[in-house]
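Q: What follows is a single structure, and I will ask about it in a moment.
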Amino acid sequence: KKNLRMTGATPELEAIGAPYLRMMFLTGPAMLTSFLFASSLQGAGDSRSPLILTAFINVLNAVLNWALIFGHLGLPALGVMGSALGTFTARWIGAAAALALLASGRLALRVNWGEHLWPDFGLWARMLRIGVPSALQGLVRALSGWIVVRLLAGAPDVEAVIGGNAIAEQILMLTGFIGFAAMPAGMTVVGQNMGAGRPDRAASGAWAVVKLAAGLMSVPVALYVLGAPQWVRLVGREATPEALAWGATAVRILALGEICWAINMTLAGALRGGGDTVSPLIFTVITQLVMGIGSGALIVSFTSAGPAGLWAAIVVAMYAQSAITIWWFRRGRWKTLSV
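Here it is in structure tokens:
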């Protein structure tokens, strides 16, 4: 409840949201298992199996949510907690399926669980050296999103602003998969070519993924900017007119940074493929937290720009992160690192 209260949630929302969040926290290990399953196979060049498993989890999640929220298929109607229980069940079934598939021998990787009961501390140390900065980068992104909501909670029309921001986030998530797909692609291209002793091909392959991701993202960006009111009405059917207006403003502004988002995700994956996980973390802290959130907080506090100024600061930070990351990747220091 304290976390919800810090975002400006009402007591009514706290009563509904707190049990839901507790259930979501219990799915953390399951989500981690599915993520490791996908990352391991993508690193081995198999992106199809993670896609199939993710689709299975999402479909199962949708069916269970529908059944448990509204009381279909002979199941009780649990409302919000039905959504939490459905998601909990789908994610843990997905995690169990991932472990079973890895042990089956039908994939590019096979894990014999009986041979790996004793921990390899040397391997763990190497994994932590590479993985901890990446985990911290994800934490910084999550923290940035939380701070944005907290800053928006200070707006005069707080419910409409936060509602509009939530609608905009849902819309932009429709194409967020481009960045999330490009990141492991860049990581795999660089990692495999560096392993083959071809740093030149690793670099050219990474730039090819960057161009593809940016090109794919440019189409929805144009649609978002030109048709923002239509998009928010489609997604936020039950929202108030004020929330829809703020949502359209947020979509128009934040969409301008989506191409940079795709570039940043791709090059972050490429740098990780070369063994450099620290630089993406540093760039994320400097641009998203210091530049984006920091300047956005000043704009909200000391100017009349309001939420639009905060969203604009976030977009400017995305461009700055792209410029820094492109410069660093071109320097090529990642080619000399050993994993």
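For the sequence shown, this note's numbering begins at 62 and goes up steadily by one. Note that beta-carbon positions come from the ideal geometry of N, C-alpha and C, so glycine has one too.
1) Quick one: what does DSSP say residue 172 is sitting in, helix, strand or coil?
2) On the three-pair Cβ rule with 8 Å, is the region 141-156 touching the region 73-86?
3) Three or more C-beta pairs closer than 8 Å, one from the region 291-300 and one from the region 258-266: is that the case here?
4) Taking CB distances under 8 Å as the criterion, tell me whether residue 109 reaches chain C.
5) Take the Cβ of residue 291 as the centre, count every other Cβ of all protein chains shown within 10 Å, and call the residue buried at 16 or more, exposed below.
6) Please look up how many angstroms separate the CB atoms of residue 117 and residue 155, rounded, as I've assumed it's under 8 Å.
7) Is residue 31 near residue 380, with beta carbons less than 8 Å apart?
8) Helix, strand or coil for residue 105 per DSSP?
9) Which residues in the same chain have their Cβ closer than 6 Å to the Cβ of residue 93, if we skip the five residues on either side of it in sequence?
10) Look at the Cβ atom of residue 241, then the Cβ atom of residue 326, and state whether they are nearer than 8 Å.
11) Check whether the region 274-291 touches the region 184-200, taking contact to mean three or more Cβ pairs, one atom from each stretch, closer than 8 Å.
12) Would the beta-carbon of residue 280 fall within 8 Å of that of residue 293?
13) Have a look at residue 122 and residue 393 and give me their C-alpha separation to the nearest angstrom.
14) Using C-beta distances below 6 Å, list every residue in its chain close to residue 232, excluding the 5 sequence neighbours before and after it, in chain order.
15) Please report the distance separating the alpha-carbon of residue 100 from that of residue 127.
16) Indicate the three-state DSSP secondary structure (helix, strand or coil) for residue 261 in the structure shown.
17) Can you check whether the CB of residue 184 is closer than 8 Å to the CB of residue 172?
18) Would you mind working out which of 396, 351, 362 sits nearest residue 212, comparing C-alpha positions?
19) Measuring only the C-alpha atoms, how far is residue 77 from residue 129?
20) Measure the C-alpha to C-alpha separation of residue 168 and residue 160 and round it to an integer number of angstroms.
21) For residue 182, does the count of other Cβ atoms within 10 angstroms reach 16, so buried, or fall short, so exposed?
22) Apply the 10 Å Cβ neighbour rule to residue 187 and answer buried if 16 or more other Cβ atoms are within range, or exposed otherwise.
23) Give the range of the alpha helix (DSSP H) segment to which residue 383 is assigned.
24) By a C-beta neighbour count over all protein chains shown, 10 Å radius and 16 as the cutoff for buried, is residue 338 buried or exposed?
25) Candidates 251, 114, 151, 79: which alpha carbon is nearest residue 141's?
26) To the nearest angstrom, how far is the alpha carbon of residue 350 from that of residue 136?
A: Put simply:
1) Correct three-state label for residue 172: coil.
2) A contact exists between the region 141-156 and the region 73-86.
3) Contact between the region 291-300 and the region 258-266 is absent, with fewer than three C-beta pairs closer than 8 Å.
4) No chain C is part of this structure, which consists of one protein chain only.
5) Residue 291 is classed as exposed because its beta carbon has fewer than 16 other beta carbons within 10 Å across all chains shown.
6) Rounded to the nearest angstrom, the Cβ distance from residue 117 to residue 155 is 7 Å, consistent with a contact under 8 Å.
7) With the chain represented from 62 up to 400, any question about residue 31 goes unanswered, as that position is not in the structure.
8) Looking at residue 105 - three-state DSSP - the assignment turns out to be coil, as it is neither helix nor strand.
9) Around residue 93: no qualifying Cβ.
10) At a Cβ-Cβ threshold of 8 Å, residue 241 and residue 326 count as neighbours.
11) No, the region 274-291 is not in contact with the region 184-200.
12) No, the Cβ-Cβ distance between residue 280 and residue 293 is not below 8 Å.
13) Approximately 42 Å, taken between the alpha carbons.
14) So the qualifying residues of the chain are 292, 296, 312.
15) Taking the straight line joining both Cα atoms gives about 30 Å.
16) Residue state, collapsed to three classes: helix.
17) Residue 184 sits away from residue 172, with the two beta carbons spaced by 8 Å or more.
18) Cα-wise, what sits closest to residue 212 is 362.
19) Roughly 16 Å between the two C-alpha positions.
20) Rounded to whole angstroms, residue 168 to residue 160 spans 12 Å at the Cα level.
21) Exposed, since its Cβ has fewer than 16 Cβ neighbours within 10 Å.
22) With fewer than 16 Cβ atoms within 10 Å of its Cβ, residue 187 is classed as exposed.
23) Counting along the chain, residue 383 sits inside the alpha helix (DSSP H) bounded by residues 367-392.
24) For residue 338, the number of other beta carbons within 10 angstroms of its own is at least 16, and it is reported as buried.
25) That would be 79, whose Cα lies nearest to the Cα of residue 141.
26) Whole-angstrom Cα-Cα distance: 44 Å.
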